[in-house]
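Just so you know, the protein sequences line up as chains A and B, in that order.
When you read off a place in the first sequence, starting at 1, and then add 3, the result is the number in our numbering.
When you read off a place in the second sequence, starting at 1, and then add 196, the result is the number in our numbering.
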Amino acid sequence: MSKAGITLATADPPAPTVRLTGRRGVELALIVLAVLLSVYGYCAVGLARNGTVPPGAAGYGAGLGVLALVAHLAVRWRAPCADPVLLPIGVLLNGLGLVLIYRLDLETPGDPAAPTQLIWSTLGVALFIMVVLVLRDHRVLQNYTYVCVTVALVLLTVPILFPAVNGARIWIRVAGFSIQPGEFAKVLLAVFFAAYLAANRGALTYAGRRVRWLRLRLPTGRVLGPIVAVWLVSVGVLVLERDLGTSLLFFGLFVVLLYVATGRTGWIAVGLLLASLGAVAVGRLEPHVHHRIETWLHPFGSIEAGEGPNQIAQSLFAFAEGGTLGTGLGLGHSVLIGFAVKSDFILATAGEELGLAGLSAIFLLYGLLVERGYRAGLALRDPFGRLLAVGLASLVALQVFVIAGGVTGLIPLTGMAMPFLAQGGSSVVTNWAIVALLVRLSDSARRQGGGGAPR
Amino acid sequence: MTRHIRHAALFCALLLVALLVNATRVQVLHAEDYETNPANRRDTIARYQQPRGDILVDGRPVTGSRDTGEHLRYERTYRDGPLYAPVTGFASQEYGTTLLEHTEDGLLSGAAPVLAPLPLWNEFTRGRNAGGHVVTTIDPAAQRAAYEGLRSRKGAVAAVEPSTGRILALVSVPSYDPALLSGNGAVARDAWARLNADPDRPMLNRAVRRTYPPGSTFKVVTAAAALDAGVVRNLDRPTDSPDPYILPGTRTRLTNGSEGCEDASVREAFVWSCNTVFAKLGVTTGVERMRATAEAFGFNDPDVRIPFRVARSTFDTTVDRAQLALSSIGQYNTRATPLQMAMVAAAVAGGGQVREPYLVERTTRAGGSTVSTAGSRPVRRAMYPATATRLRELMRGVVEDGTGTKAAIPGAIVGGKTGTAQHGLGNSGTPYAWFISWARGGADMEAKVAVAVVVEDAAANRREISGGGTAAPIARAVMEAVLNS
Numbered sequence: 004m005s006k007a008g009i010t011l012a013t014a015d016p017p018a019p020t021v022r023l024t025g026r027r028g029v030e031l032a033l034i035v036l037a038v039l040l041s042v043y044g045y046c047a048v049g050l051a052r053n054g055t056v057p058p059g060a061a062g063y064g065a066g067l068g069v070l071a072l073v074a075h076l077a078v079r080w081r082a083p084c085a086d087p088v089l090l091p092i093g094v095l096l097n098g099l100g101l102v103l104i105y106r107l108d109l110e111t112p113g114d115p116a117a118p119t120q121l122i123w124s125t126l127g128v129a130l131f132i133m134v135v136l137v138l139r140d141h142r143v144l145q146n147y148t149y150v151c152v153t154v155a156l157v158l159l160t161v162p163i164l165f166p167a168v169n170g171a172r173i174w175i176r177v178a179g180f181s182i183q184p185g186e187f188a189k190v191l192l193a194v195f196f197a198a199y200l201a202a203n204r205g206a207l208t209y210a211g212r213r214v215r216w217l218r219l220r221l222p223t224g225r226v227l228g229p230i231v232a233v234w235l236v237s238v239g240v241l242v243l244e245r246d247l248g249t250s251l252l253f254f255g256l257f258v259v260l261l262y263v264a265t266g267r268t269g270w271i272a273v274g275l276l277l278a279s280l281g282a283v284a285v286g287r288l289e290p291h292v293h294h295r296i297e298t299w300l301h302p303f304g305s306i307e308a309g310e311g312p313n314q315i316a317q318s319l320f321a322f323a324e325g326g327t328l329g330t331g332l333g334l335g336h337s338v339l340i341g342f343a344v345k346s347d348f349i350l351a352t353a354g355e356e357l358g359l360a361g362l363s364a365i366f367l368l369y370g371l372l373v374e375r376g377y378r379a380g381l382a383l384r385d386p387f388g389r390l391l392a393v394g395l396a397s398l399v400a401l402q403v404f405v406i407a408g409g410v411t412g413l414i415p416l417t418g419m420a421m422p423f424l425a426q427g428g429s430s431v432v433t434n435w436a437i438v439a440l441l442v443r444l445s446d447s448a449r450r451q452g453g454g455g456a457p458r
Numbered sequence: 197m198t199r200h201i202r203h204a205a206l207f208c209a210l211l212l213v214a215l216l217v218n219a220t221r222v223q224v225l226h227a228e229d230y231e232t233n234p235a236n237r238r239d240t241i242a243r244y245q246q247p248r249g250d251i252l253v254d255g256r257p258v259t260g261s262r263d264t265g266e267h268l269r270y271e272r273t274y275r276d277g278p279l280y281a282p283v284t285g286f287a288s289q290e291y292g293t294t295l296l297e298h299t300e301d302g303l304l305s306g307a308a309p310v311l312a313p314l315p316l317w318n319e320f321t322r323g324r325n326a327g328g329h330v331v332t333t334i335d336p337a338a339q340r341a342a343y344e345g346l347r348s349r350k351g352a353v354a355a356v357e358p359s360t361g362r363i364l365a366l367v368s369v370p371s372y373d374p375a376l377l378s379g380n381g382a383v384a385r386d387a388w389a390r391l392n393a394d395p396d397r398p399m400l401n402r403a404v405r406r407t408y409p410p411g412s413t414f415k416v417v418t419a420a421a422a423l424d425a426g427v428v429r430n431l432d433r434p435t436d437s438p439d440p441y442i443l444p445g446t447r448t449r450l451t452n453g454s455e456g457c458e459d460a461s462v463r464e465a466f467v468w469s470c471n472t473v474f475a476k477l478g479v480t481t482g483v484e485r486m487r488a489t490a491e492a493f494g495f496n497d498p499d500v501r502i503p504f505r506v507a508r509s510t511f512d513t514t515v516d517r518a519q520l521a522l523s524s525i526g527q528y529n530t531r532a533t534p535l536q537m538a539m540v541a542a543a544v545a546g547g548g549q550v551r552e553p554y555l556v557e558r559t560t561r562a563g564g565s566t567v568s569t570a571g572s573r574p575v576r577r578a579m580y581p582a583t584a585t586r587l588r589e590l591m592r593g594v595v596e597d598g599t600g601t602k603a604a605i606p607g608a609i610v611g612g613k614t615g616t617a618q619h620g621l622g623n624s625g626t627p628y629a630w631f632i633s634w635a636r637g638g639a640d641m642e643a644k645v646a647v648a649v650v651v652e653d654a655a656a657n658r659r660e661i662s663g664g665g666t667a668a669p670i671a672r673a674v675m676e677a678v679l680n681s
């Protein structure tokens, strides 16, 4: 199977060369635009704060530009048919994230985060290039289904051995760097779910269609056994680590992929039922979670109790201050949120300083990224590729929804990193891996589409 | 599978729509609620992000702003803080604002819409104008003379220009340094606690926020009412008053602090401050005409603003004849702020006209262009001009050879009235010493200054003379300062 893919890759290019080169040109133009936008944002912060362009602007622009350009060359070389929008979105979001973190660093002179974030971004782009260069066909990943799941479970378990940070055991500290292994596990679990469901899809669908009511469960359960077990273990580990955002993410991913693979609406019903049971149980039993739900229902409760505004209230104040057009970069006061302003609450800074206009633009960028992932999924022909594309895109969509909904008061807050924007090395590296896989998948999709309609 | 992928994509699209709708809710629909929530510090931060406009006395700022580099960046500073505290009030990051700092806050902080170059301009640019300045009517020499005169005592001084109503001096002692309250740290908190716990109440603006029984100085009002009503036609005719005077309907005997009040003329009674004569005069004039005159002078007006609020001076109208007798000599429920008594002196000096007192000459933008000026103020007639002329005669007599000789200024024409007000349970408190007066220079066409002085802890000597002994020299110093400038 993989052999066929490689043959196809080497055999296909000559005919549509002209058209494909044009797409890479679009990508290059978009990357230049993304880098310019980021540099503009960087300069805007300096101009607003000190009236001068910050001294590092040229270096920042050059660094981001070189990284993006190298990534672009890798795509041009090894994935010439890839979707031209994916990489520029990654560059723009990552660049914007660096601007926001740099901007918040000005408020916390003793605790700069942007330089570290820049190092992690470089590592992320390096991983992107490596994936694009090394992974010539996504179907190779199917051979590593059980390696993926094992590594994922190990990564999820390791932080239990390390001391808790801010109430959650999700970090490990190595040589001064904080790493969140759960972030990497996301991609690995997506690969595992996609591969396993693709392989057992027939059995799942067949069993469900043939047998009704009571007898439905036996064959289904037999096939589902390993996957449910893995899911239970991962969720169990996460509840123990108190990282509820990630468990919610895994659960959503699981349900979406199950639905796409089998087409059974029943799975959604079962999934939602399980989710609500779990939510009620955890909300009742776990004081930490119960507190989050209370805060969500009454964001100003702490003000009324005379304890001053909590983080959610401060976050809402920041968004409200932004209004339609925002205060302008560098001119907001989102730093009042306090702890986690550069990570979980980074979106509040975007909302305050760029306004509803900027926030909507950011949401639409994520939307476009997800849409392009789904489009690749629709265009691909192999079930594994389709499920992987859908899984990775859904991962981004769910993560954005969970954290953005959390900080804007739509749903209870669960700590999680805003993809690309938030401070957090593991998250940036993981997101670059996701974009790399989507680039590879979209490249395969267009090749599989052959000389026909590219969409 | 394609169909189900589309379903999943639709689900993701729904999530996106939910986020966008919710963002609109928070950032546009509910923005106003969140922005105005008292726990939202953004307004406070913006307010202290720029230097505050200044309050000017005689062209020089008596305030300033200091860049602290803290989160709330600029802090108020004061030049001669205790001297001008009854004018400026304080502007604290922790405890809000008072007096001029309060009433002119929009202008000083730059928030006032009138400062914007175009309507809604600041709403659009999210900018804030530089704070404007407030030019006061205070005469620094008079202010300092009053403050120095009261030093180490307790009391207040108010001085106005009779022809305009401009307030030339507003002093309250003991005072405090408002700069202590400017910040938001421990210094401000300690000062706040200490000042509030001080039994002498240094933050109380005695010149406008405290009323005292005016005592004999109120006889000016009683005399004006009697003269206007025609109860007295000849100042030198004996008034047929007994000494002691039995309050009507009671057995209470009213006596005098000085001799020779029995059957005295109004002139003698005024110069020597005979309680018996004026108590009887008030009763003869009647409560209705007393009320009309007192209210024309400004009593019973609950809403005097200069621009900050002045406490209401009272003349009780629901009185029997005995109470009216006491009210007419500035006792019972008659109470007045020092500023009100300065207005009484000013009305006499100004031909019977009462001009509303004011403290703000004009306000300007940071660049100096005028925002508003005091303009012409409403005028009220408290008595006939002829009555005013005769009262000026009486008041000059007090200074020339009566109880107020210590207020005399060589080369100037000065009229005054002393007062000593009993207070406390059974009149047990140390009496308040009063002096109200006006002065015009030898070459002037009209009086330049009217002043009221009250000293709370005058010497324990309870004789009428204490108003003339303690308060009159302070009034003279203030009047001299105005006449010389």
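Cβ coordinates follow ideal geometry from the N, Cα and C atoms, glycine included.
Taking the CA atoms as reference points, L144 of chain A sits about 16 angstroms from R384 of chain A.
Among the residues facing chain B, G408 of chain A is included, as its CB has a counterpart in that chain under 8 angstroms away. Contacts between A400 of chain A and chain B, judged by CB atoms closer than 8 angstroms, involve C208, L211 and L212 in chain order. In the three-state reduction of the DSSP assignment, F348 of chain A falls in the coil class. Cα atoms of A323 of chain A and H298 of chain B: separation of roughly 28 angstroms, rounded to the nearest angstrom. Taking C-beta separations shorter than 6 angstroms and ignoring five residues to either side along the sequence, the partners of P669 of chain B in its chain run K602, following chain order.
In the DSSP assignment, F387 of chain A falls within the alpha helix (DSSP H) that extends over P386 to V410.
Judged by DSSP secondary structure, K613 of chain B falls within the beta strand (DSSP E) whose first and last residues are A608 to A617. Counted as a single uninterrupted DSSP element, the beta strand (DSSP E) harbouring V253 of chain B occupies residues I251 to V253. Within chain A, F322, A323, G325, G326, T327, G354, G358, L359 and L362 have C-beta atoms less than 8 angstroms from the C-beta of Q223 of chain B, given in sequence order. Proximity to D386 of chain B across B:Y291, B:D250, B:S633 and B:V550 peaks at B:Y291, based on C-alpha coordinates. In the assembly as shown, E356 of chain A is a buried residue. Its beta-carbon has 16 or more other beta-carbons within 10 Å. Going by DSSP, H291 of chain A is part of the alpha helix (DSSP H) stretching over P290 to L300. The closest CA to that of F495 of chain B, considering only B:I201, B:S523 and B:V283, is found on B:S523.
Within chain B, the C-beta atoms nearer than 9 angstroms to that of Y377 of chain A come from I201, R202, A204, A205 and C208, in chain order. Around the beta-carbon of D114 of chain A, fewer than 16 other beta-carbon atoms lie within 10 Å, marking it exposed. Judged by DSSP in its simplified three-state form, L587 of chain B adopts helix. Interface annotation, Y280 of chain B: not in contact with chain A, CB-CB separation never under 8 angstroms. Around T330 of chain A, the beta-carbon contacts reaching into chain B at under 7 angstroms are R322. Contacts between H619 of chain B and chain A, judged by CB atoms closer than 8 angstroms, are missing: the closest CB pair is about 42 angstroms apart. Counted as a single uninterrupted DSSP element, the beta strand (DSSP E) harbouring G351 of chain B occupies residues G351 to V356. Counting other Cβ atoms within 10 Å of its Cβ, Y199 of chain A reaches 16 or more and is therefore classed as buried. Taking 7 angstroms as the Cβ-Cβ cut-off, the stretch 335-348 of chain A approaches chain B at H336 and L339, given in chain order. Using a Cβ-Cβ cut-off of 8 angstroms, I306 of chain A counts as an interface residue toward chain B, since at least one Cβ of chain B sits closer than that to its own. When C-beta atoms of the stretch 512-528 of chain B are compared with those of the stretch 405-417 of chain B, three or more pairs fall below 8 angstroms, so the two segments count as touching. The DSSP-derived three-state label of T220 of chain B is helix.
Here Y270 of chain B has Y244, Q245, Q246, P247, R248, S261, R262, D263 and T264 as same chain residues with Cβ atoms under 8 angstroms from its own Cβ, once five neighbours each way along the sequence are excluded. Three or more Cβ pairs closer than 8 angstroms define a contact, and the stretch 274-291 of chain A falls short of that threshold against the stretch 305-317 of chain A.
Contacts with chain B (Cβ-Cβ distance below 7 angstroms) from the stretch 251-276 of chain A involve V259, Y262, V263 and G266, listed in chain order. Here DSSP, grouped into helix, strand and coil, assigns Q317 of chain A to helix. Residues of chain A with a Cβ closer than 8 angstroms to the Cβ of L215 of chain B are, in chain order, F366, V403, F404, A407, G408, T411 and L413.
Scanning B:A488, B:T259, B:G453 and B:G571 for the CA closest to the CA of R362 of chain B turns up B:G571.
Contact check between the stretch 308-328 of chain B and the stretch 275-292 of chain B: fewer than three CB pairs, one atom from each, fall below 8 angstroms, which does not count as touching.
Taking 8 angstroms as the upper bound for CB-CB distance, L431 of chain B and S461 of chain B are in contact here, some 6 angstroms apart. L366 of chain B carries a strand assignment under DSSP once its states are collapsed to helix, strand and coil.
Excluding its 5 nearest sequence neighbours in each direction, V236 of chain A has C-beta neighbours in its own chain below 7 angstroms: L156, listed in chain order.
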